[in-house]
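J.: Structure in structure tokens, see below.
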Amino acid sequence: MWSKSIAWRLALAFAMVCALVLSAIGVFLYRSLASELAFRDDMALLGRLEQVRALLADSDSLDALQARPRLYQNMLGNLDSLLLVRRADGSSVIAINPRQRELPALNALPREQMPQRRDVLTWQASDGAELALLSGQAQGPNGETLTVIAGKVLSEREQMLGSYRLRLYLSVGLGAVLAFALGLLLLRRGLQPLHQLSEAVRSIDLRSLDRRLPTEGTPSELREPVHALNSMLARLDDSVQRLSQFSADLAHEIRTPLHTLLASNGQALNHPRSTAEYQEVLASNMEEFERLKRMAENLMFLARAEQAERALNLHTLDLRNVGDELCDYFEALADDRDLQLQNRMHGELLADQQLLQRALGNLLANAVRHADPGTLISLQRFDEPGMCWLQVHNHGPVIAPEHLGKLFDRFYRVDPSRAEPGDSGGLGLAIVQSIMQLHGGRVRVRSDADGTVFELGFVVV
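First residue of the sequence shown? That's 1 in our numbering, and the numbers climb one at a time after it.
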């Protein structure tokens, strides 16, 4: 469970980072201390060699020096230090070596040369002890050249460094555990708004889609996701309302022809009629059946278009020919309404011919149905950077602004009383919008005193 928790993972990462930082600081301090201790020991040996040289130079005789061994022991200060003074023949004048360790052959520095740190030799004895050794020449009381060897066992330094290392390990481990505990506590407190947000989301169901997530007091890092969720809820609420309205409109649209069919058939069955009257009833029923058929076909097309099941059959189309064919098809209907059709489209366009003809045909049918008698309906092309717009312009009643945003909704009519036989049942413009969505384009409309213009926008590469 903990491996899937963000708080545990972040707390563990925080602890690892703290451990790495503490380790880096510890290594730096450890090396600094080791370097300082080594410098101190080396300087002590250098000073001891110079002290012995001065003592030998100021002494009256070697016998006097040999008679005072305690003086040198006090000068060394502990049993881990050693001091050897030898003659040229190898005999010892002073030999203070408590552990009787064998020493390596050393090159003695000349009397006139001042010793440096680089002259100190680190050597490991046979018993495993590590020693720092320094050798130099000195002048005895009678002018004799003597060899002085000063040394120090480094066990004290190693013990101090070992104790320091242990403390560093404990400090890093304790710091990592403390960082993990504090990090986990702070992260859980910091993630509390997420739990509150989860509770708020959990309380929203299908009956309360109008509720929104609170933004007051929300951390700045969560405000953008909260706004995105609120926008999604708004879209979902709008979609549910549209679906509910669509269901109600669909039931209303189907109820009207069904009611007409039931009424006409009931009257035909209840009262004897002539053959001509039965034929008239059947003809009326056929119109209602055609209306239901068109409605079913339109709904099936919209369903396929929304699920992207239809594959576009794209071709380079001659817009002039497409416009001429549509004008020829609607010419008879336009003549009946005393309207003129004008095709001013030109150029080529990559699109699905069948779908493009259906979209423009729906717009033309809508324009012929609502245009004022004696006016002109025109098909035009208008180009913008990256877009090609196909326009259907007619002169008729001005569409109020509150209706323009709803024209492409299913079953929406500006004036339901103007429904006529052969219309699309309020689905024509919705089909146009779906066709443009399939093409990755746009559809828009404007209406004013100069007329109403529906535009289909295609992206031009």
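Ideal Cβ positions, reconstructed from N, Cα and C, are used throughout, including at glycine.
In the structure shown, what three-state DSSP assignment does L154 receive?
T.: In this structure, L154 counts as coil in the three-state DSSP scheme.
J.: For L166, I'd like the list of residues in its chain whose CB is within less than 8 Å of its CB, leaving aside the five on either flank, ordered along the chain.
T.: Answer for L166: no residue qualifies.
J.: Just the Cα atoms here: how many angstroms apart are A150 and F39?
T.: Taking the straight line joining both Cα atoms gives about 16 Å.
J.: Name the residue from Q354, L282 and L333 whose alpha carbon lies nearest to the alpha carbon of L317.
T.: Of Q354, L282 and L333, the residue nearest in Cα terms is Q354.
J.: Looking at A351 and H439, is the spacing between their C-beta atoms short of 9 Å?
T.: Yes, the pair counts as a contact, with Cβ atoms nearer than the cut-off.
J.: In angstroms with no decimal places, state the Cα-to-Cα distance between Q159 and P115.
T.: Using only the alpha carbons, I get a separation of about 27 Å.
J.: I'd like the span of the beta strand (DSSP E) that includes G457, first residue to last.
T.: Element bounds for G457: G451 to V459.
J.: With burial defined as no fewer than 16 other Cβ atoms inside 10 Å of the residue's Cβ, what is the status of E224: buried or exposed?
T.: Exposed, because fewer than 16 other Cβ atoms sit within 10 Å of the Cβ of E224.
J.: Figure out for me which residue from E112, D42 and G190 has the closest Cα to the Cα of L121.
T.: Selected option, being the one with the closest Cα: D42.
J.: Which runs of the beta strand (DSSP E) spanning at least 3 residues fall entirely within the segment 353 to 416, listed in chain order?
T.: With a minimum length of 3 residues, the continuous beta strand (DSSP E) runs that stay inside the segment 353 to 416 are 376 to 384 and 387 to 394.
J.: Report the option in G323, L154 and A228 whose CA atom is closest to the CA atom of G347.
T.: Closest option to G347, Cα to Cα, is G323.
J.: Out of R369, R446 and S171, which has the shortest C-alpha to C-alpha gap to H403?
T.: When each option's Cα is compared against that of H403, the closest is R446.
J.: To the nearest angstrom, how far is the alpha carbon of G463 from that of G47?
T.: Outside the shown range of the chain, which is 1 to 461, sits residue 463, and nothing can be said about it.
J.: With distances taken between CB atoms, is the gap from L184 to W8 smaller than 9 Å?
T.: Cβ distance < 9 Å, so L184 and W8 count as in contact.
J.: Among the residues of its own chain, which have a CB less than 6 Å from the CB of A367, if the five just before and after it don't count?
T.: Contacts found: I377, V392 and N394.
J.: Inspect the CB distances between the segment 357 to 371 and the segment 330 to 340 and report whether three or more fall short of 8 Å.
T.: Yes, since at least three Cβ pairs between the segment 357 to 371 and the segment 330 to 340 fall closer than 8 Å, the two stretches touch.
J.: Less than 9 Å between the beta carbons of V432 and M387, yes or no?
T.: Cβ atoms of V432 and M387: not closer than 9 Å.
J.: Taking C-alpha atoms, which residue in V52, L187, E144 and S59 lies nearest to L83?
T.: When each option's Cα is compared against that of L83, the closest is V52.
J.: Tell me whether S91 sits in a helix, a strand or coil according to DSSP, three-state version.
T.: Three-state result, S91: coil.
J.: Could you tell me if P421 is buried or exposed, where buried requires 16 or more neighbouring beta carbons within 10 angstroms of its beta carbon?
T.: With a pLDDT of 48 at P421, under the threshold of 50, the modelled position of this residue cannot be trusted, and the question is left open.
J.: Comparing alpha-carbon positions, which option in R211, E221 and L45 lies nearest D238?
T.: It is R211 whose Cα lies nearest to the Cα of D238.
J.: Can you list, in chain order, the residues of its chain whose CB lies under 8 Å from that of T218, leaving out five sequence neighbours each side?
T.: P193, L197 and V226, listed in sequence order.
J.: Can you tell me where the alpha helix (DSSP H) with G428 in it begins and where it stops?
T.: Where G428 is concerned, the enclosing alpha helix (DSSP H) stretches over G428 to L438.
J.: Is it true that the CB of R111 sits closer than 9 Å to the CB of A138?
T.: A contact, by the Cβ cut-off of 9 Å.
J.: Considering only the beta carbon of each residue, do L261 and F289 sit closer than 9 Å?
T.: Taking 9 Å as the Cβ cut-off, L261 and F289 qualify as a contacting pair.
J.: Between N321, D383 and A449, which has its C-alpha nearest D372's C-alpha?
T.: When only C-alpha atoms are compared, the closest one is A449.
J.: What separation, rounded to the nearest whole angstrom, lies between the Cα atoms of A419 and R442?
T.: Note that A419 has pLDDT 48, beneath the 50 cutoff, so the model's placement of it is unreliable and no number is given.
J.: Opposite T147 in the DSSP bridges: which residues?
T.: According to DSSP, which records beta bridges pairwise, T147 is partnered with R86 and Q137.
J.: Going by C-alpha to C-alpha distance, which of L269, R291 and L292 sits closest to V281?
T.: Nearest of L269, R291 and L292 to V281, Cα basis: L269.
J.: From R202 to S247, what does the alpha carbon distance come to, in whole angstroms?
T.: Cα to Cα, R202 sits roughly 27 Å from S247.
J.: What number of angstroms, rounded off, separates the C-alpha of L10 from the C-alpha of G26?
T.: If you take the alpha carbons of L10 and G26, they lie about 24 Å apart.
J.: Measure from the alpha carbon of D409 to the alpha carbon of each residue in L427, I399 and G396, then state which is nearest.
T.: The candidate whose alpha carbon is nearest that of D409 is L427.
J.: Flag L438 as yes if its beta-carbon sits less than 9 Å from any beta-carbon of chain D, otherwise no.
T.: The structure shown has no chain D; it contains just one protein chain.
J.: Could you give the distance in angstroms between the alpha-carbon of S424 and the alpha-carbon of L407?
T.: Only weak support exists for where S424 lies, its pLDDT of 48 falling under 50; the coordinates are left without a value.
J.: For D89, count the other beta carbons within 10 Å of its own beta carbon; 16 or more makes it buried, fewer makes it exposed. Which is it?
T.: Looking at its Cβ environment, which holds fewer than 16 other Cβ atoms inside 10 Å, D89 is exposed.
J.: What is the DSSP secondary structure of S81, reduced to helix, strand or coil?
T.: Strand.
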